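S.K.: To start, I am sharing the structure in question, which I have written as structure tokens.
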Amino acid sequence: MNVRLYILQRATAAVMAPLVLAHLVVIFYATSRGLSAVEILGRTRGSVGWALFYGLFVLAAATHGAIGVRVVASEWTGLRGRQLDALMLGAGAILAALGLRAVVAVTL
Amino acid sequence: MGHPTRQSSTAHRGSILWIAFLVHRLSGVALAVFLPLHFLALGLAIDGEARLDGFLRWIANPLVKLAEMVLVFLLAVHMLGGMRVLVIENLPWRDGQKRIATAALAVAALAAVVFFARAA
Chain A
183 MNVRLYILQR ATAAVMAPLV LAHLVVIFYA TSRGLSAVEI LGRTRGSVGW
233 ALFYGLFVLA AATHGAIGVR VVASEWTGLR GRQLDALMLG AGAILAALGL
283 RAVVAVTL
Chain B
126 MGHPTRQSST AHRGSILWIA FLVHRLSGVA LAVFLPLHFL ALGLAIDGEA
176 RLDGFLRWIA NPLVKLAEMV LVFLLAVHML GGMRVLVIEN LPWRDGQKRI
226 ATAALAVAAL AAVVFFARAA
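Chains as they are written, first to last, in the working numbering: chain A, 183 to 290; chain B, 126 to 245.
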């Protein structure tokens with residue numbers, strides 16, 4: 183992992199720490215109240231705040247996760263150099279695409 | 126100068142700090158695998174609330190609740206373990222790392238159990 187990826191990994195971790203805490207609170211709230219899909223979507227749809235919150239969360243998680251996958255693959259597999267970069271970019275693209283689709287589904 | 130023996134090169138694996146590293150690594154891998162599935166499930170809302178509601182009814186199953194409890198633990202322990210790493214790397218060294226690592230595991234386990242008790 184080069185210095186740029188290392189800093190990006192740590193920066194996205196720092197961004198996500200409060201977002202994960204907030205997400206855990208949301209999970210606790212929704213599950214303890216037994217909210218239905220209609221009730222959940224009634225709260226999130228049309229909300230710019232939730233869209234920004236989860237949009238940022240998804241992008242930070244996709245970046246953090248992709249770099250993490252690269253680190254693990256470099257230590258646990260024989261992949262090297264461009265193969266690792268391709269794996270990282272692929273993982274990041276899949277996470278970002280599916281995550282942003284989910285944000286659109288829940289907030290638009 | 127000799128090569129370290131296998132025993133001495135793996136002796137650290139009994140340490141709580143090595144276990145903390147392992148838990149952080151494995152929870153990160155598990156979250157990377159789970160996250161696309163989580164996103165796909167939420168994406169069901171694109172096809173209408175009924176599909177998402179069907180999914181939410183399915184996750185009311187006790188076995189799925191148990192799996193969710195594990196996921197809450199993984200998310201909490203990965204976050205707390207990551208915060209410990211950030212503190213070690215960016216703030217002055219403080220003693221008691223083993224206690225901090227144990228506390229991270231304990232708090233994550235508590236969060237998962239409380240989640241399960243409220244959701245069940």
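Built from N, CA and C at the ideal position, the CB exists for glycine as well.
All values derive from a computational prediction rather than experimental measurement.
Could you give the C-beta distance for A244(A) and A219(A), rounded to a whole number, given that I count them as a contact under 8 Å?
M.R.: Not a contact, Cβ separation roughly 25 Å.
S.K.: Taking 8 Å as the CB-CB limit, is R186(A) close to chain B?
M.R.: R186(A) does not count as touching chain B.
S.K.: Quick check on the DSSP output: the alpha helix (DSSP H) that includes M208(B) runs from which residue to which?
M.R.: Start and end: 187-215.
S.K.: Pull up the distance between the alpha-carbon of M208(B) and that of A242(A), whole angstroms please.
M.R.: Each residue's alpha carbon lies about 15 Å from the other.
S.K.: Output yes if chain A places a C-beta closer than 8 Å to the C-beta of G153(B); else output no.
M.R.: Yes - at least one Cβ of chain A is within 8 Å of the one on G153(B).
S.K.: Taking only beta-carbon atoms, is F198(B) less than 8 Å away from chain A?
M.R.: No, because no Cβ of chain A sits closer than 8 Å to the Cβ of F198(B).
S.K.: Note down, in chain order, every chain A residue with its Cβ under 8 Å from the Cβ of R150(B).
M.R.: Simply V254.
S.K.: By how many angstroms is the C-alpha of A237(B) removed from the C-alpha of L206(A)?
M.R.: The straight-line gap from Cα to Cα measures roughly 10 Å.
S.K.: Kindly list the residues whose CB is nearer than 8 Å to the CB of F180(B), restricted to its own chain and excluding five residues on each side of it in sequence; keep chain order.
M.R.: The residues are A166, L169.
S.K.: Helix, strand or coil for L290(A), going by three-state DSSP, please let me know.
M.R.: If DSSP states are grouped into helix, strand and coil, L290(A) belongs with coil.
S.K.: Roughly how many angstroms separate the alpha carbons of V285(A) and G139(B), rounded to a whole number?
M.R.: About 42 Å.
S.K.: Give a yes or no on whether the minimum CB-CB distance between R208(B) and chain A is below 8 Å.
M.R.: It should be pointed out that residue 208(B) corresponds to Met in this sequence rather than to Arg. It does; some Cβ of chain A falls within 8 Å.
S.K.: Taking the alpha carbon of Y188(A) as the reference point, which residue from W183(B), E214(B), A242(B) has its own alpha carbon closest?
M.R.: If we check each option's Cα against that of Y188(A), E214(B) comes out closest.
S.K.: Is the Cβ of T245(A) closer than 8 Å to any Cβ of chain B?
M.R.: Not closer than 8 Å to any Cβ of chain B, the Cβ of T245(A) fails to qualify, so no.
S.K.: Does any residue of chain A bring its CB to less than 8 Å from the CB of R138(B)?
M.R.: No, because no Cβ of chain A sits closer than 8 Å to the Cβ of R138(B).
S.K.: Please check if any C-beta of chain B sits within less than 8 Å of the C-beta of I366(A).
M.R.: Outside the displayed range of chain A (183 to 290) lies residue 366(A), so it cannot be described from this structure.
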